[in-house]
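Undergrad:
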RNA sequence: GGCGAAGUGGCCGAGUGGUCAGGCAGAGGUCUGCAAAACCUUGUACAGCGGUUCGAAUCCGCUCUUCGCCUCCA
């Protein structure tokens, strides 16, 4: 069974084979670090995390590069507005580099909470100024770029096929009703900046053959992608809002420089919305992840994200996240149950679920369907365990392995190796466990003597303390209540 | 104005030319000392109007509505 990926370039699902057998080169546009991450970042990076995990699961070696944009770019393209990182530095009364570093750490903290695996290489834009300058020189030498007053622009008309990703190929038509002021020093209104001359007050600036300045926004991804992954890469991912102009500009400048295809598969993830409106920092409707983590289990948020498809918009609401939290708990309970159950004699077949899971993931990473398979698996497994003969050791191990591979390794919604609760040391976990054994023994004794007043008191008081008791056929079990 | 996406049962959210998504919530039941959990049963959903078809929510056309991009943006 082969993997099909929806390629934004061509707008169809296409069978995926890497350029080099067995090795996948993948680049994803990283965040601009001038503020804490929000749910929109979470959707994007969780989605691509699952893409990487699946590619690795099916046997590819994935070289995953994700940049950090730590050069401030203007809040506005008409040379008005302010460098965003510089603006934040002014607000926080510090300098741009501290802002960039502080929010880079914040970003990784949040991604760690969500179980997003770190990229293999996380290059900084500021660390690759020479590479970017070199790329500009190549473009100028080939006649694709020109310098005016210390600024360098890419000449869109020199590159055939500009706009092929977004479908904006008619540059004349694009200009009508455009919101960008047309700058006279550009030869063509569609031309975009590769290098900008910095004014005196600009703090982040570098020497270049043209002026003391800073690189254009689109340039860093091309330079770093080519440096670490080569001139043609397998997958380039990013948010849908970056299709145009960012990705079309990347294609133009890269292909103009190398004469080779830049990216084989373009993947774009959709937006998180709030009441149907896009979530964004500048729109002031963004839901900060650190705040969200105070209310909800980070893995429940990851689960909530994966319950919709990466190409669909996801509408944020508290009720929806709560519903997801409850749903995830059900899967966790099933896993705990099968792990703790005794060996029986009944049969249980994991294979059909495995096949359906693989099929869903191979169909453009359909995590929504993959999760529905896990729920159906959960229901079938519980039914089998409810039966008087239980299931065999072999079936139990197969079921546990399936949940480990799908829920933990691929989707990352279950903790690897079991459901130890986060933030709890092994030591405290062990002593709690011992204490609980004593309490459950005492309660069992009380129930045996039909002293239900006592047994219910034990149960109620533990529930108040955040521990829930369930009486099963195989004795009482306990769980710490998660969520809110 | 240009480019693009979408409208699914109380809510979230997949998918498909002819059997079922799935989750949450609700109702009834089994089990249990009682709970909880688990399981069973239960919802005549696919924006509207036409058309193609033996058959369409799924294909085509039109209409309405919403959203994204064309400024920085996951």
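Residue numbers (the numbering used here): 81 to 564. Heads up, the beta-carbon is just placed ideally off N, CA and C, and yes, glycines get one too.
Ordered along the chain, which non-local residues of its own chain (more than five positions away) have a Cβ less than 8 Å from that of residue 426?
TA: Result list for residue 426: 464, 467, 469, 470, 471, 472, 475, in chain order.
Undergrad: Would you please state the rounded distance, in angstroms, between the beta carbons of residue 480 and residue 419? I believe it to be under 8 Å.
TA: Indeed they touch by this definition, with Cβ atoms about 6 Å apart.
Undergrad: Would you mind sorting residue 364 into buried or exposed? The rule is 16 or more other CB atoms within 10 Å of its CB.
TA: That one is exposed.
Undergrad: Kindly list the residues whose CB is nearer than 6 Å to the CB of residue 523, restricted to its own chain and excluding five residues on each side of it in sequence; keep chain order.
TA: Cβ within range, chain order: 535, 538.
Undergrad: Only counting runs of 4 or more residues, tell me where the alpha helix (DSSP H) segments fall wholly within the stretch 309-367, in order along the chain.
TA: For the stretch 309-367, whole alpha helix (DSSP H) runs of length 4 or above, ordered along the chain, are 328-338.
Undergrad: Whole angstroms are fine: how far does the CA of residue 417 sit from the CA of residue 556?
TA: Approximately 12 Å, taken between the alpha carbons.
Undergrad: Please indicate yes or no: does the CB of residue 380 lie closer than 7 Å to some heavy atom of the ligand MG?
TA: You won't find the ligand MG in this model; it holds no ligand whatsoever.
Undergrad: To which residues of the same chain is residue 299 closer than 6 Å at the C-beta, ignoring the five residues directly before and after it?
TA: Result list for residue 299: 212, 274, in chain order.
Undergrad: Please go through the same chain and pick out, in chain order, the residues whose beta-carbon is closer than 6 Å to the beta-carbon of residue 108, but skip the five residues on each side of it.
TA: Answer for residue 108: 128, 146, 317, listed in chain order.
Undergrad: With burial defined as no fewer than 16 other Cβ atoms inside 10 Å of the residue's Cβ, what is the status of residue 95: buried or exposed?
TA: With fewer than 16 other Cβ atoms within 10 Å, it is exposed.
Undergrad: So, residue 421 versus residue 548, is the Cβ gap smaller than 8 Å?
TA: For residue 421 and residue 548, no; Cβs fall outside 8 Å.
Undergrad: Which partner residues does residue 141 have in the DSSP bridge list?
TA: Note: residue 141 sits in a beta bridge opposite 103.
Undergrad: Provide the residue span of the alpha helix (DSSP H) that contains residue 178, from first to last.
TA: Its alpha helix (DSSP H) spans residues 176-193.
Undergrad: Does the stretch 337-353 come into contact with the stretch 380-392, if we say contact requires no fewer than three beta-carbon pairs (one atom in each stretch) closer than 8 Å?
TA: Segments in contact, yes.
Undergrad: Could you tell me if residue 120 is buried or exposed, where buried requires 16 or more neighbouring beta carbons within 10 angstroms of its beta carbon?
TA: Classification of residue 120: buried, given that the 10 Å Cβ count is 16 or more.
Undergrad: Distance check for residue 90 and residue 103, CA to CA, integer angstroms please.
TA: Cα-Cα distance, rounded: 23 Å.
Undergrad: Beta-carbon within less than 8 Å of residue 359's beta-carbon, same chain only, minus the 5 sequence neighbours each way: which residues are those?
TA: Contacts found: 118, 119, 120, 351, 352, 353, 365, 366, 367, 396.
Undergrad: Counting only the same chain and skipping the five closest in sequence on each side, list residues whose C-beta sits under 7 Å from that of residue 314.
TA: So the list reads 98, 99, 104, 105, 106, 344, 345, once near-sequence residues are dropped.
Undergrad: Give a yes or no on whether the C-beta atoms belonging to residue 497 and residue 133 are separated by under 8 Å.
TA: Taking 8 Å as the Cβ cut-off, residue 497 and residue 133 do not qualify as a contacting pair.
Undergrad: At the level of alpha carbons, what is the spacing between residue 447 and residue 550?
TA: So the two alpha carbons sit approximately 31 Å from each other.
Undergrad: Are three or more beta carbon pairs between the stretch 265-284 and the stretch 135-149 nearer than 8 Å?
TA: Not touching, per the Cβ criterion.
Undergrad: As a quick exercise: from 232, 126, 322, 180, pick the residue whose alpha carbon is nearest that of residue 207.
TA: Of the candidates 232, 126, 322, 180, the one whose C-alpha sits nearest the C-alpha of residue 207 is 180.
Undergrad: Kindly give me the distance between the Cβ atoms of residue 454 and residue 408, rounded to whole angstroms, as I take these residues to be in contact under 8 Å.
TA: Not a contact, Cβ separation roughly 10 Å.
Undergrad: Buried or exposed, going by whether 16 or more other CB atoms sit within 10 Å of the CB of residue 545?
TA: That one is exposed.
Undergrad: How far does the alpha helix (DSSP H) with residue 432 in it reach, from first residue to last?
TA: Looking at the DSSP string, the run of the alpha helix (DSSP H) that includes residue 432 is 431-442.
Undergrad: Ignore the nearest five residues each way along the sequence and tell me which others in residue 458's own chain have a CB closer than 8 Å to its CB.
TA: Cβ within range, chain order: 410, 411, 414.
Undergrad: Write down the C-beta distance between residue 560 and residue 385 rounded to the nearest angstrom, noting that I regard them as a contact closer than 8 Å.
TA: Not really, about 24 Å apart at Cβ, beyond 8 Å.
Undergrad: Are residue 130 and residue 445 closer than 8 Å when you measure CB to CB?
TA: Yes.
Undergrad: Quick one, which of 93, 151, 542, 341 has its alpha-carbon nearest residue 113's?
TA: The residue with the shortest Cα to Cα distance from residue 113 is 151.
Undergrad: If you run the structure through DSSP and keep just helix, strand and coil, what is residue 486?
TA: Helix at residue 486.
Undergrad: Looking at the structure shown, is residue 240 part of a helix, part of a strand, or coil, going by DSSP?
TA: It is coil, neither helix nor strand.
Undergrad: Output needed for residue 81: all residues of its chain with C-beta closer than 7 Å, excluding positions within five of it in sequence on either side, in chain order.
TA: If we look at residue 81 and ignore the five residues flanking it on each side, its Cβ neighbours are 438, 439, 442.
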